[in-house]
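Single-structure report; data block below.
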Amino acid sequence: MKAVIVGGGISGGAIAWRLAREGVAVIVLERGRLGREASWAAAGMIAPQAEAQSPGVFFDLCMAGRRVFDATVDRLTVESGVDPEYDPQGILYLALDESEHAELIARARWHRECGATVEELSPAEARRLEPAISPTTVHALHFPDNRRLDNRKLTQAYIAAAIAAGAEFRENSRVDAIATAGGRAIGVVLDDGGRIDADLVIIAAGSWSHEIRGLEQDRVRLFPVRGQILCFEARPRLLGPALFSLRGYLVPRRDGRILAGSTMEEAGFDKSVTLAGIEKIARGAAAMAPAIGELRFREAWAGLRPATRDLLPVLGPSPSVPNVIWATGHYRSGILLSALTGETIADLVAGRKPPIDLAPFSAARFARA
Ligand code: GLY
């Protein structure tokens with residue numbers, strides 16, 4: 002079987018790895034450079050609980066995403082030769098005033114009801130876990146099962162492991178349309194008019210996914226949500242766990258860098274860093290850990306989260322062209338869901354039952370809307 006994957010970001014890389022190691026001939030077509038869009042811009046949290054707003058199918062998907070990570074990351078590291086710096090320290094979620102305190106108590110309740118592990122900490126207990134937290138901390142949640150890693154290294158790891166398993170990656174290769182015959186895909190047409198034949202096409206092109214002609218009946222629409230990140234230099238281990246709050250997050254890297262995020266902006270495909278974004282992130286970062294204010298600023302960047310209208314990913318076969326599979330719209334959770342996405346698509350292609358019920362994530366929901 003020959004598969005074309007449209008999109009060479011973290012999802013495309015993860016899918017390529019899982020398909021190639023099962024013997025599928027894989028070609029990944031990337032319109033720009035591999036892994037340089039949302040996968041590159043992210044902070045690298047594997048944080049199904051810290052990032053969750055409410056219980057439901059998406060929370061369950063994200064919890065499964067973390068479990069698949071735990072089960073596959075060692076194998077990925079060996080097969081790729083790239084260490085993604087998967088860090089098992091949990092995430093500390095701070096409340097810095099009384100309204101945030103009330104919100105965190107409510108969250109802890111529903112996390113427990115869903116069977117997720119959460120520890121409620123007094124300010125003194127939280128400070129024992131991380132002395133750099135703000136003196137204004139009134140309460141904290143500790144999610145010991147949430148993780149972090151270096152998303153750029155993780156993306157490299159998927160791509161390197163996929164190449165080692167036989168996958169081919171092509172940069173600057175823009176897909177214009179699905180080539181069809183008799184209602185099925187027979188490959189893709191490139192913007193230079195060339196055609197690549199395939200038995201299966203997988204769409205993992207982030208915010209650009211719906212630009213590929215031939216799938217209009219599925220009514221899948223993506224829109225980019227800009228997130229800005231500030232990066233500071235610190236000594237390694239200045240922060241232990243990543244810190245989260247309703248004001249933003251701080252994610253330490255192994256080499257000492259600390260990433261601070263983020264913004265949620267609808268600014269089209271504009272990846273600018275703005276003064277308003279810097280100010281919002283800096284305020285949130287200093288509110289969580291005042292020592293951040295003394296660190297040397299290193300750089301800032303922005304990326305585009307691929308969002309659907311209902312903010313859920315699109316995973317599974319196209320309702321209109323059955324041998325096209327959607328694997329996009331991961332919005333704020335593309336890094337967290339990458340391992341699960343690779344496994345799920347490999348299961349679908351091999352005719353196995355995926356680890357999660359894909360019905361809520363089917364593109365069919367847009368046709369019904
Ligand atoms: N997952 C982090 C963010 O979307 O900002």
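Under my numbering, the letters of the sequence shown match residues 2 to 370, in that order.
Note that beta-carbon positions come from the ideal geometry of N, C-alpha and C, so glycine has one too.
1) Who are the near neighbours of R258 in its chain, counting only those whose CB is closer than 8 Å to its CB and skipping five residues on each side?
2) Hey, would you say the C-beta of M1 is under 7 Å away from at least one heavy atom of the ligand GLY?
3) Here's a check: name, in chain order, each residue in its chain whose Cβ is nearer than 6 Å to the Cβ of L312, leaving out the five neighbours to either side.
4) When we look at the beta-carbon of K154 and count the other beta-carbons within 10 Å, is it buried (16 or more) or exposed?
5) In three-state DSSP terms, what is L122?
6) Return yes when at least one heavy atom of the ligand GLY lies under 7 Å from the C-beta of E52, else no.
7) Taking F245 as the reference, give the member of T345, S363, H140, R68 with the closest Cα.
8) Run the CB neighbour count on D219, radius 10 Å, all protein chains shown included, and call it buried at 16 or more, exposed below.
9) Applying the criterion that 16 or more other CB atoms from any shown protein chain within 10 Å of the CB defines a buried residue, is Q54 buried or exposed?
10) Closest by CA to E131, which one among I293, L239, G285?
11) For A186, which of R108, S319, Y250, C63 has the nearest alpha-carbon?
12) Tell me, please, whether the stretch 145 to 162 touches the stretch 6 to 23 by the rule of three or more beta-carbon pairs shorter than 8 Å.
13) In whole angstroms, what separates the C-alpha of T138 from that of I106?
14) Could you tell me whether the stretch 46 to 63 touches the stretch 355 to 368, using the rule of 3 or more Cβ pairs below 8 Å?
15) List the endpoints of the continuous beta strand (DSSP E) containing S246.
16) Near P291, which residues of its chain fall below 7 Å by C-beta distance, leaving aside the five closest residues on each side in sequence?
17) If you follow the beta strand (DSSP E) that T329 is in, where does it begin and where does it stop?
18) I'd like to know if the stretch 70 to 78 and the stretch 110 to 130 are in contact, where contact means that at least 3 CB-CB pairs between them fall below 8 Å.
19) Exposed or buried, which one is M265 when buried takes at least 16 other CB atoms within 10 Å?
20) For M2, does the count of other Cβ atoms within 10 angstroms reach 16, so buried, or fall short, so exposed?
21) Going along the chain, which residues of its own chain have a beta-carbon closer than 8 Å to the beta-carbon of I213, five neighbours each way excluded?
22) Around the C-beta of F270, are 16 or more other C-beta atoms found within 10 angstroms, so that it is buried, or is it exposed?
23) If you compare alpha carbons, which of E99, R310, E169 is closest to V221?
24) I'd like to confirm something about R185: is its beta-carbon nearer than 7 Å to some heavy atom of the ligand GLY, or not?
25) Going by DSSP, what residues sit across from I179 in a beta bridge?
26) For the beta strand (DSSP E) holding A4, just list the boundary residues, first then last.
27) Whole beta strand (DSSP E) runs in the stretch 331 to 355 with 3 or more residues, listed along the chain?
28) Please name the residue in G330, A288, A127 whose C-alpha comes closest to that of A308.
29) Hey, which unbroken runs of the alpha helix (DSSP H) at 4 residues or more fall wholly within the stretch 74 to 136?
30) What does V25 pair with, by DSSP beta-bridge criteria?
31) Hey, could you find the ends of the alpha helix (DSSP H) Q50 is sitting in?
32) Would you report the Cα separation of A51 and L142, rounded to the nearest angstrom?
33) Nearest to P237 by alpha carbon, out of Q229, V252, R67, P225?
34) What are the start and end residues of the beta strand (DSSP E) that includes G317?
35) Between Y371 and F144, how many whole angstroms is the CB-CB distance? I'm expecting something under 8 Å.
Checking against the coordinates, here is how it stands:
1) Cβ contact annotation for R258 (same chain, cutoff 8 Å, sequence separation greater than five): C232, F233, E234, A235, R299, in chain order.
2) For the chain, the structure presents residues 2 to 370; residue 1 sits outside this window and is missing.
3) Exclusion of the five residues before and after L312 leaves Y332 as the residues of its chain whose Cβ lies within less than 6 Å of its Cβ.
4) Burial call: buried.
5) Here L122 sits in strand by DSSP.
6) Under cutoff, so the answer is yes.
7) For F245, the nearest C-alpha among the options comes from H140.
8) Within 10 angstroms of the beta-carbon of D219 lie 16 or more other beta-carbons, which makes it buried.
9) When all chains shown are included, Q54 counts as exposed.
10) Ranking the options by Cα distance to E131, first place goes to L239.
11) Selected option, being the one with the closest Cα: S319.
12) These segments touch.
13) Looking at the two C-alpha atoms, the distance is approximately 14 Å.
14) Result yes; three or more Cβ-Cβ pairs closer than 8 Å.
15) For S246, the enclosing beta strand (DSSP E) covers residues 243 to 246.
16) Within the same chain, S135 come within 7 Å of P291 by CB-CB distance, once the 5 residues on both sides are set aside.
17) Counting along the chain, the beta strand (DSSP E) containing T329 begins and ends at 325 to 329.
18) Counting C-beta pairs with one atom in each stretch, the stretch 70 to 78 and the stretch 110 to 130 have fewer than three that are closer than 8 Å, which means they do not touch.
19) So M265 ends up on the exposed side.
20) When all chains shown are included, M2 counts as exposed.
21) Contacts found: V7, V176, D177, A178, I179, V189, I204, A206.
22) Counting the other Cβ atoms within 10 Å of the Cβ of F270 gives fewer than 16, which makes it exposed.
23) Considering only E99, R310, E169, the residue with the shortest C-alpha distance to V221 is R310.
24) Look at R185: its beta carbon is at least 7 Å from all of the heavy atoms in the ligand GLY.
25) Bridge partners of I179: V189.
26) Run containing A4: 3 to 7, per the beta strand (DSSP E) assignment.
27) You should have found no qualifying run.
28) That would be G330, whose Cα lies nearest to the Cα of A308.
29) Complete alpha helix (DSSP H) runs here, min 4: 99 to 114, 124 to 130.
30) DSSP output for V25 lists no bridge partner at all.
31) Where Q50 is concerned, there is no enclosing alpha helix (DSSP H), given that its DSSP letter is neither H nor E.
32) Cα-Cα distance, rounded: 9 Å.
33) Per the Cα distances, V252.
34) Residue range 315 to 318 is occupied by the beta strand (DSSP E) that includes G317.
35) Residue 371 cannot be examined here, being either before or after the span of the chain that is shown, 2 to 370.
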